[in-house]
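Visitor: Following this message is one structure expressed as structure tokens.
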Amino acid sequence: MKFGSWYPVSKNRILKMSLKINFIGISGSEVSVCANNGVFKSSNGISSWKRIFKGMGEEENSAQHMAFNSNKIYIGTRGVLLISDDSGVTWQKSSGEAGGLSIRWIMFLEDMVFLATEKGVYKTSGPDWKRVFITSTEEAEYDADAIDEAAAASKPVNSIFVKDKTIFLATDSGVFISNDKGESWKHFESAGLGSEKINRILCWDNLYAATDGGIFVFNDNDKIWQALYKGMDADRINSIAADNKGGIWVATDKGLYKSSPLTLSLSPEG
3 MKFGSWYPVS KNRILKMSLK INFIGISGSE VSVCANNGVF KSSNGISSWK
53 RIFKGMGEEE NSAQHMAFNS NKIYIGTRGV LLISDDSGVT WQKSSGEAGG
103 LSIRWIMFLE DMVFLATEKG VYKTSGPDWK RVFITSTEEA EYDADAIDEA
153 AAASKPVNSI FVKDKTIFLA TDSGVFISND KGESWKHFES AGLGSEKINR
203 ILCWDNLYAA TDGGIFVFND NDKIWQALYK GMDADRINSI AADNKGGIWV
253 ATDKGLYKSS PLTLSLSPEG
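Quick note on our numbering: the sequence shown kicks off at 3 and runs consecutively.
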């Protein structure tokens, strides 16, 4: 796998005001980002960024993730899960325990919604939420939803990725996977990772991990993670996404970068 040089694409004044970009979403040529001051969208990811969501208060305005499913838009913020069924004209706060937590990620599998929150992973296929992955061993002692040791002993969950019917969790203590819709979990291989604090997982042509120590790709033959690059201005990668042309986009504390699939020399321009 080969990638070209990284170059910044967040020179837009509005994005510079965001300080931190938490998530990148790509649909066709459109690029959306969740930031600490709302959600922004651009038709090409380079220019004409517009704010499409602004919450009430600091916690609600700090958007961490957005997702689309069944004609609904979901936005997870540091204080609430918001859902819109009219293309973002109006928003409703999700009910139940999970809907009032800090929402780090939203993912779907069949008719189920999965949330990565400050207290672990919740899932629902109706009105009630069930916690299936617990981030505090102290809480696990009292929680009847604790499924197994792996699901009750991990550090915070930062994001969720679903490939076919396999669920991947990016956590502060590595990658976990489930093949039974979140009912049980096992720790994925961590050899080669520069940091076990995994912020995002991307399963595209390969399995990628965005970490506090850079981007890594999993070598399935050798069962080891390999560094995709080193030396970018910001080692901490907050989010990663791929477009339909093979380009890889990453969000860092210092802005938005993009790489084309050309060579392994990955030094940002400018």
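The beta carbon of each residue, even a glycine, is placed where N, CA and C say it ideally should be.
These numbers were taken from a predicted model, which means no experiment stands behind them.
(1) Around the Cβ of Met58, are there at least 16 other Cβ atoms within 10 angstroms (buried) or fewer (exposed)?
(2) Around the Cβ of Glu62, are there at least 16 other Cβ atoms within 10 angstroms (buried) or fewer (exposed)?
(3) Rounded to whole angstroms, what's the CA-CA distance from Lys354 to Ser261? Just pull it up for me.
(4) On the three-pair Cβ rule with 8 Å, is the segment 199-208 touching the segment 161-177?
(5) Alpha carbon to alpha carbon, how far is Ile108 from Ala118?
(6) For a minimum of 3 consecutive residues, which ranges assigned as the beta strand (DSSP E) are wholly contained in the segment 160-236?
(7) From Lys43 to Val33, what distance separates their C-alpha atoms?
(8) So the beta strand (DSSP E) Asn63 belongs to, where does it begin and stop?
(9) Check the C-beta distance from Asp237 over to Gly216 and give it rounded, since I have them as a contact under 8 Å.
(10) Can you give the beta carbon distance from Leu230 to Phe218, rounded, assuming they're within the 8 Å contact cut?
(11) Quick one, which of Asp214, His67, Ser31, Asn38 has its alpha-carbon nearest Ser50's?
(12) Whole angstroms is fine: what's the gap from Ile179's alpha carbon to Lys188's?
(13) Tell me, to the nearest whole angstrom, how far the beta carbon of Tyr124 is from that of Ala100; I am working on the premise that it is less than 8 Å.
(14) What separation, rounded to the nearest whole angstrom, lies between the Cα atoms of Arg80 and Arg106?
(15) Determine the contact status of Gly90 and Phe55, defining contact as a CB-CB distance below 8 Å.
(16) In the DSSP assignment, find the beta strand (DSSP E) that holds Trp251 and state where it starts and stops.
(17) Taking Glu32 as part of the beta strand (DSSP E), name the residues at either end of that continuous run.
Guide: Concretely, from the data shown:
(1) Note on Met58: under 16 other CB atoms within 10 angstroms of its CB, so exposed under the neighbour-count rule.
(2) So Glu62 counts as buried.
(3) Nothing about residue 354 can be read from this structure; the chain reaches only from 3 to 272.
(4) Yes: the two stretches touch, three or more of their Cβ pairs being nearer than 8 Å.
(5) Straight-line spacing of the CA atoms in Ile108 and Ala118 works out to 7 Å.
(6) If one requires a minimum length of 3 residues, the beta strand (DSSP E) runs lying completely within the segment 160-236 are 168-173, 176-180, 200-205, 209-213, 216-221, 226-229, in chain order.
(7) Rounded to whole angstroms, the separation of the alpha carbons of Val33 and Lys43 is 6 Å.
(8) Looking at the DSSP string, Asn63 is not in any beta strand (DSSP E); the run it does join, the alpha helix (DSSP H), is 59-63.
(9) Confirmed, Cβ separation roughly 5 Å.
(10) Under the criterion of beta carbons closer than 8 Å, Leu230 and Phe218 qualify as touching, at roughly 6 Å.
(11) With respect to the C-alpha of Ser50, the residue from Asp214, His67, Ser31, Asn38 having the closest C-alpha is Ser31.
(12) Distance between the alpha carbons of Ile179 and Lys188 is about 6 Å.
(13) Ala100 and Tyr124 do touch by the CB rule: their CB atoms are close to 4 Å apart, below 8 Å.
(14) Rounded to whole angstroms, the separation of the alpha carbons of Arg106 and Arg80 is 7 Å.
(15) In this structure, Gly90 lies near Phe55, with their beta-carbon atoms less than 8 Å apart.
(16) First-last of the beta strand (DSSP E) with Trp251: 250-254.
(17) Per DSSP, Glu32 belongs to the beta strand (DSSP E) from 32-37.
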